[in-house]
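Please read the structure below before turning to the comments.
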Amino acid sequence: MGVLHPFFLFAIPLTFAASMKAEKAFDFATTPGKLPKQVMPTDYAIRIVPNIDKLTFTGGETVKLSVRAPVRELVLNALEIEMAGAAIDDKTLPKSAVKIDKKNELVIIALPSELPAGDHNLALTFSGKINQQGQGLFYARYQEQGTVAKKTMLGTQFEATDARRLFPCWDEPSFRARFQLTAVVPENWLAISNMPVKSETKIDQGKEVRFGTTPPMASYLNVFVAGELDSIETQSGGVQIRVITTKGKAEWGRYALESSAKILQYYNDYFGVPYPLPKLDQIAVPGGFGGAMENWGGITYFESVLLFDPEKSSDNTKHDIFAVIAHEMAHMWFGDLVTMAWWDNLWLNEGFASWMGTKCTAHFNPQWEVWLRKTVPRDPARRVGIAKEQAMEGDARSTTHPVQQPIATEAETNSAFDDITYKKGQSFIRMLESFLGEDVFRDGIRRYIAAHKYSNSTTADLWNALAEASGKPVGEIAASWTEQPGFPVVKVKRGDNGNISLSQERFTINFKNAPPLRSLIRSPAKRPRVC
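Here is the structure:
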């Protein structure tokens, strides 16, 4: 007996949805944000000196600036940082020239005279605190494996808007720049950042570790981790891959290491652009700081989603480790190499990485049937089960929002990391791939990555690349799915003459007086497939 394929029903509106007002392609000048666009940082040289005993740090930085139009002040981000000094082009500024706007998380530096267009250097010295929570520079205390020793390590968590807690910066994703970090740590510590270590110098406080310079990237992708750490490593496609753990746990990273190597090769092939950094570190941090974070070249993980103890860990743990690694490594392209212009397009990072990570996991582990999540009992009360079902359940309620939602404040940015962004985004991308075809869709993704690497993009840029590859009006089709909340239920009616008509209305759960969908199916359709 034939049944109407539910995925096809979900896809019907894809073909016939009316056009909505779509956003424009990336343009730096018109990208949202608080920071003025006349001044662009191009290079940061940052030096950080943590004080573990006092849980504080001191720092200094030199920032190369590209000034596009004359300005009388410099405006950048800082939060919970004390400013000690400032100089522009080697000319020291009075302390009164530096003002802190705590409410808006800004530093405003008044200049003695108009700064002309061109290249300039800004030097700052500052201090701050090492946090207990996973914000900015934080510490983690733990008991070393196999001993009773109590240890401390340092880590960072900057997404979405917390790089400004460690160093003053233009902390918005469209202000890409190169970063060179130097850190002072105890002599017996291992220090990790985005790029390989260039030099280590013994000093009175321990050792000064200088890292290589990153490619242009968003500030939130910086990483610094340090402690008494172990590592195991391998090579994949000329890239050094390491799993880094606290002492005594390195071998628990073996499964993650092997998985990372084959995932890297898979993504190199899929995206058509090889992973661009010389190394990739997978770093296990004890305690909880938010799951995992796609810092470029140095991904940080909660230990439970990176380490596999063959004697104690379950098969489900192995599934979770592979899936989380695949998700985070997808970000090395979607999020890091190409970054959303502003947080209203966060779904470009997270929805895509969720889809790509699941696709990769299914490729290497077909027996897991990850798209169906057969190993996970469904529990609507806890939103556990198939990602599409979870997304639809949340999207039917009054608390939903568009996949692309307006973001104006830091609080709104942090609240955007939810099931709609991740799971509705993932489900829509999978539907779009099915509609366009796998080969055409991949061609569009390759065009998109090649066109926007080391830069920023909006959803419109992705739709344009997919439209070029497919010859179909992807932007018109997709806007009604990403720019409004909710999803339709499609009703099929057979007329007396045998014709079939389709009607659409918004599906809701306990949502009285829900606004209707702004884009409805108006066109007649051919008889749905039965399969």
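Heads up, the sequence shown is in the working numbering, so the first residue is 677 and it goes up one at a time.
Beta carbons: idealized from backbone N, C-alpha and C, even for Gly.
Practice problem: Could you say if the stretch 799–812 and the stretch 904–921 meet the contact criterion of at least three C-beta pairs nearer than 8 Å? | Solution: They do not touch, by the three-pair rule.
Self-check item: When S1131, T921, H995 and Y818 are compared against A1017, the one with the closest alpha-carbon
Solution: Measuring from the Cα of A1017, the nearest candidate turns out to be S1131.
Practice problem: Kindly indicate the opening and closing residues of the beta strand (DSSP E) around N797. | Solution: N797 -> beta strand (DSSP E) spans G794 to K805.
Quiz item: Is F843 closer than 8 Å to G735 when the C-beta atoms are compared?
Solution: Result yes, Cβ atoms of G735 and F843 sit closer than 8 Å.
Practice problem: Assign S936 to buried or exposed, taking buried as 16 or more other Cβ atoms, counted over all protein chains shown, within 10 Å of its Cβ. | Solution: It counts as buried.
Exercise. Please say whether L983 and G929 have beta carbons closer to each other than 8 Å?
Key: Closer than 8 Å, so yes.
Practice problem: Please classify P712: does DSSP put it in a helix, a strand, or coil? | Solution: In the three-state reduction of the DSSP assignment, P712 falls in the coil class.
Quiz item: How would you label K925, buried or exposed, when you count the other beta carbons within 10 angstroms and need 16 or more for buried?
Solution: Counting every other CB atom within 10 Å of its CB across the protein chains shown gives K925 a total of 16 or more, marking it as buried.
Quiz item: Is S980 helix, strand or coil by DSSP?
Solution: DSSP places S980 in helix when its eight states are reduced to three.
Exercise. Determine the closest residue to S989 out of L1022, S1103 and Y931, with distance taken between C-alpha atoms.
Key: Ranking L1022, S1103 and Y931 by Cα distance to S989 puts Y931 first.
Exercise. Pick helix, strand or coil for M1068, following the three-state DSSP scheme.
Key: In the structure shown, M1068 adopts helical secondary structure according to DSSP, grouped into three states.
Exercise. Indicate whether C1036 and I1121 have their beta-carbon atoms separated by less than 8 Å.
Key: No, the Cβ-Cβ distance between C1036 and I1121 is not below 8 Å.
Self-check item: Beta bridge counterpart(s) of D847 as assigned by DSSP
Solution: Among the bridge pairs identified by DSSP, D847 is matched with none.
Exercise. Report the three-state DSSP secondary structure of R1058 (helix, strand or coil).
Key: Low per-residue confidence applies at R1058: pLDDT is 49, beneath 50, and the placement is therefore not dependable enough to give any value.
Self-check item: For R1073, the three-state DSSP class (helix, strand or coil)
Solution: Here R1073 sits in coil by DSSP.
Quiz item: When burial is assigned at 16 or more other CB atoms within 10 Å of the CB, is E758 buried or exposed?
Solution: E758 should be labelled exposed.
Self-check item: Proximity of N1090 and N971 at Cβ, strictly below 8 Å
Solution: No, the Cβ-Cβ distance between N1090 and N971 is not below 8 Å.
Self-check item: Pairwise C-alpha distance: G882 and G709
Solution: CA-to-CA, the gap between G709 and G882 works out to about 40 Å.
Practice problem: Specify the secondary structure class of F1187 as computed by DSSP and reduced to three states. | Solution: Taken through DSSP and simplified to helix, strand or coil, F1187 comes out as coil.
Quiz item: With C-beta atoms as the reference, is T828 less than 8 Å away from G812?
Solution: Contact: no.
Quiz item: How big is the Cα-Cα spacing for D1172 and V1166?
Solution: Going from the Cα of D1172 to the Cα of V1166 covers about 20 Å.
Quiz item: How many Å lie between P891 and R854 at the Cα?
Solution: So the two alpha carbons sit approximately 5 Å from each other.
Quiz prompt | Span separating the alpha-carbon of M1068 from that of A1084 | solution = Whole-angstrom Cα-Cα distance: 26 Å.
Self-check item: Where R1194 falls: helix, strand or coil (DSSP)
Solution: R1194: coil per DSSP, three-state reduction.
Quiz item: Under the three-state reduction of DSSP, which class applies to R840: helix, strand or coil?
Solution: Helix at R840.
Self-check item: Option nearest F887 by Cα separation, candidates Q856, I879, G914 and V901
Solution: Comparing Cα-Cα distances from F887 to each of Q856, I879, G914 and V901, the minimum goes to Q856.
Practice problem: Within the same chain, show all residues whose beta-carbon is closer than 8 Å to that of S1179, passing over the 5 residues directly before and after it, in chain order. | Solution: Excluding five sequence positions before and after S1179, the CB atoms of its chain that fall closer than 8 Å to its own CB belong to V1166, K1167, K1169 and I1197, given in chain order.
Exercise. Kindly indicate which residue of D1115, N992 and L953 has the alpha-carbon position closest to the one of Q1043.
Key: Here the closest residue by C-alpha is N992.
Practice problem: Using three-state DSSP, classify F683 as helix, strand or coil. | Solution: Confidence at F683 is low in this model, with a pLDDT of 37, below 50, so the placement of that residue should be treated as unreliable; the coordinate-derived value is given next. In the structure shown, F683 sits in a helix (DSSP, three-state: H, G or I).
Practice problem: Along the beta strand (DSSP E) that carries L787, what are the first and last residues, could you check? | Solution: Counted as a single uninterrupted DSSP element, the beta strand (DSSP E) harbouring L787 occupies residues L782 to L791.
Self-check item: P1192 burial status per 10 Å Cβ neighbour count (16 or more: buried)
Solution: Exposed, by the Cβ-count rule.
Self-check item: Unbroken beta strand (DSSP E) run spanning F733, endpoints
Solution: First-last of the beta strand (DSSP E) with F733: T732 to V743.
Quiz item: What's the C-alpha gap between A1141 and L769?
Solution: Each residue's Cα considered, the two are about 47 Å apart.
Quiz prompt | Neighbourhood of N1189 by C-beta, 8 Å cutoff - its chain only, sequence neighbours within 5 removed | solution = Excluding positions up to five away in sequence, the list is empty.
Practice problem: Leaving aside the five residues before and after S850 along the sequence, list all residues of the same chain whose C-beta is less than 6 Å from its C-beta, in chain order. | Solution: F704, T707, A1017 and N1132.
Quiz item: Touching or not, the stretch 1104–1118 and the stretch 1141–1152, by the rule of three or more beta carbon pairs under 8 Å?
Solution: Contact holds: three or more Cβ-Cβ distances are below 8 Å.
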